[in-house]
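So for the sequence shown, my numbering puts the first residue at 855; every next one is plus one.
See structure below.
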Amino acid sequence: MKNRYFLTTILTSALFLLPACAPAPVQAEEIHSDQPRDLAPPVAVADLAELVRGNNEFAFALYPQLAAGDENVFYSPYSISIALAMTYAGAKGQTADEMSQALRFLLPGDRLHPAFNKLALELESRSKVEDLEPDQVFQLNVANSLWGQAGFAFEQDFLDTLAVHYAAGMRLVDYEQDAEAARQKINEWVSQSTNQKIKDIIPQGVLDALTRLVLANAVYFNAAWQHPFEPEATLPGPFRLRDGATVDVPMMHGQASLRTMAGGGYRAVELPYAGRQLAMLILLPDEGAMEGVEARLESGLLDEAVNALQSSQVILSLPKFEYEWSLSMTDGLQALGMQDAFVPERADFSGMDGR
């Protein structure tokens, strides 16, 4: 029987406000190109804008697939896209076509991968925040890894793309002989990449001797607010649920000069993180307008909100929350049309290993 690659996706995110130290790296054989990462990719401004536009469109297209149930939803479209772009580099034929359409890759491959590299370098530069106050912290890490079956030969062009544009290689494990050991190594990598906040992301039994490729992505974001909420100002307060009912939750209260807007059935406020390199944009639908705002979720709505922001003094109340969420991305991606990548008989990743 001919061995073929198909995808198993492990996509994780961690958002925390606690410092942590880095442990020893996970020990796994890795093959990679001798080519260095391109630290100054010649990417046109228009290409970078097109990449961002496509990623925003993907984010909003994926939302209704993930939000179909009653649970809250937390996901990172950028990290999903950049991780799958690495496997897209080895996809061919209909598999590649379905991936580009589902992920809203609007650029051809020879411009897509440099654009992802440019965007990643931009985010990495923003994580090097200077002039922070002693009690402020800002840490952003996005890590991606591919875990392939040991014993396979990989195409040089594929390895070059991983190295030059993603500073990555292919980690090798032996699913055929010991899928459990492979699972433990991948889980250890995810745990370390999220500073031990996400553990055992792959349950026992998910990987087996037929597994050939696992894509793992981890995001760790640890940052202080530019305008921190005072602990003594956190008090119980009502929070309105989607069905109109209210529950009492710890509400953080503060006042600061922030960028805000109102209109179109919602209000928005931008909360900068320490160093003002990144910010959280919060959209609050008007009472009774939740479904209408959800129906309009698209890149145009995001542009509308951002372009309308104006600085003003804001009295802000925000619920304090802690959230954990885990799911397989497979169903959501398949609903967007990415079918063949997950079917062993149809997946064409011959650009990885020539098979």
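Glycine residues also receive a C-beta, built at the ideal position from the N, C-alpha and C atoms.
Bear in mind that the values here come from a model prediction, so they are computed numbers and not experimental data.
Using a Cβ-Cβ cut-off of 7 Å (strictly less than) and excluding sequence neighbours within five positions of Arg-891, which residues of its own chain qualify?
Counting only Cβ-Cβ distances below 7 Å, and skipping sequence neighbours, we find Ala-1017, Val-1018 and Ala-1021.
Can the beta-carbon of Ala-1159 be found closer than 8 Å to that of Leu-1135?
A contact, by the Cβ cut-off of 8 Å.
Under 8 Å, do Asp-1140 and Tyr-1120 count as touching if we go by C-beta distance?
Their beta carbons are under 8 Å apart, which means Asp-1140 touches Tyr-1120 by this criterion.
Nearest by alpha-carbon distance to Leu-1172: which of Val-1027, Arg-1025 and Leu-1137 is it?
Comparing Cα positions, the closest option is Leu-1137.
Please state whether DSSP places Ile-1055 in a helix, a strand or coil.
In the structure shown, Ile-1055 sits in coil (DSSP, three-state: anything other than H, G, I, E or B).
Please report whether the beta-carbon of Val-927 lies at a distance below 8 Å from any beta-carbon of chain C.
Included in the structure is just one protein chain, with no chain C present.
If you follow the alpha helix (DSSP H) that Val-899 is in, where does it begin and where does it stop?
First-last of the alpha helix (DSSP H) with Val-899: 899–920.
Determine contact between the region 947–964 and the region 893–913, defined as no fewer than three beta-carbon pairs at a distance below 8 Å.
Touching, yes.
Per DSSP, which residues does Gly-1108 bridge with? Please list them.
Gly-1108 pairs with Leu-1170.
Please classify Tyr-1127: does DSSP put it in a helix, a strand, or coil?
Strand, per DSSP.
Residues in its own chain within less than 6 Å of Gly-947 by CB, not counting five upstream and five downstream?
Excluding positions up to five away in sequence, the list reads Asp-1202.
Who are the Cβ neighbours of Asp-1028 in its own chain at under 6 Å, not counting the five residues just before and after it?
Counting only Cβ-Cβ distances below 6 Å, and skipping sequence neighbours, we find Ala-1004.
Here's a check: name, in chain order, each residue in its chain whose Cβ is nearer than 6 Å to the Cβ of Gly-1108, leaving out the five neighbours to either side.
Closer than 6 Å at Cβ, skipping near neighbours: Phe-1083 and Leu-1170.
So, is Ala-1033 buried or exposed, given that buried needs 16 or more other C-beta atoms within 10 angstroms?
Ala-1033 should be labelled buried.
From Gly-1191, Pro-968 and Glu-1009, pick the residue whose C-alpha is nearest to that of Gly-944; which is it?
Per the Cα distances, Glu-1009.
With a cut-off of 8 Å on the beta carbons, I'd call Leu-1112 and Val-1123 a contact; round off their distance for me.
That pair is a contact at about 6 Å.
So, helix, strand or coil for Asn-995, using DSSP?
Of the three classes helix, strand and coil, the one that applies to Asn-995 here is strand, per DSSP.
How far does the alpha helix (DSSP H) with Asn-1161 in it reach, from first residue to last?
Per DSSP, Asn-1161 belongs to the alpha helix (DSSP H) from 1153–1162.
What's the gap between the Cα of Ala-997 and the Cα of Ser-1047?
Approximately 7 Å, taken between the alpha carbons.
Considering Cα atoms alone, identify which of Ala-950, Ala-1072, Ala-1078 and Met-1105 is closest to Ala-1087.
Of the candidates Ala-950, Ala-1072, Ala-1078 and Met-1105, the one whose C-alpha sits nearest the C-alpha of Ala-1087 is Met-1105.
Using DSSP bridges, identify the partner residues of Tyr-1120.
In the DSSP output, where bridge partners are listed per residue, Tyr-1120 has Gly-1117 and Pro-1139.
In its own chain, which residues sit with a C-beta less than 7 Å from the C-beta of Ala-876, not counting the 5 before and 5 after it?
Because Ala-876 sits at a pLDDT of 39, beneath the cut-off of 50, its placement in the model cannot be relied upon, and the point is left open.
Measure the alpha-carbon distance for Pro-1092 versus Gln-1058 and round it to whole angstroms.
Taking the straight line from one Cα to the other gives about 40 Å.
Once you ignore the five residues that flank Thr-1184 on each side, which residues in its own chain have a CB closer than 6 Å to its CB?
Phe-1196, listed in sequence order.
Can you list, in chain order, the stretches of the alpha helix (DSSP H) that have 4 or more residues and sit fully within the region 930–978?
Listed in chain order, they are 931–942 and 947–956.
With a threshold of 7 Å on Cβ separation, who are the neighbours of Leu-1187 within its own chain once the five nearest residues in sequence on each side are excluded?
Around Leu-1187: Ala-956.
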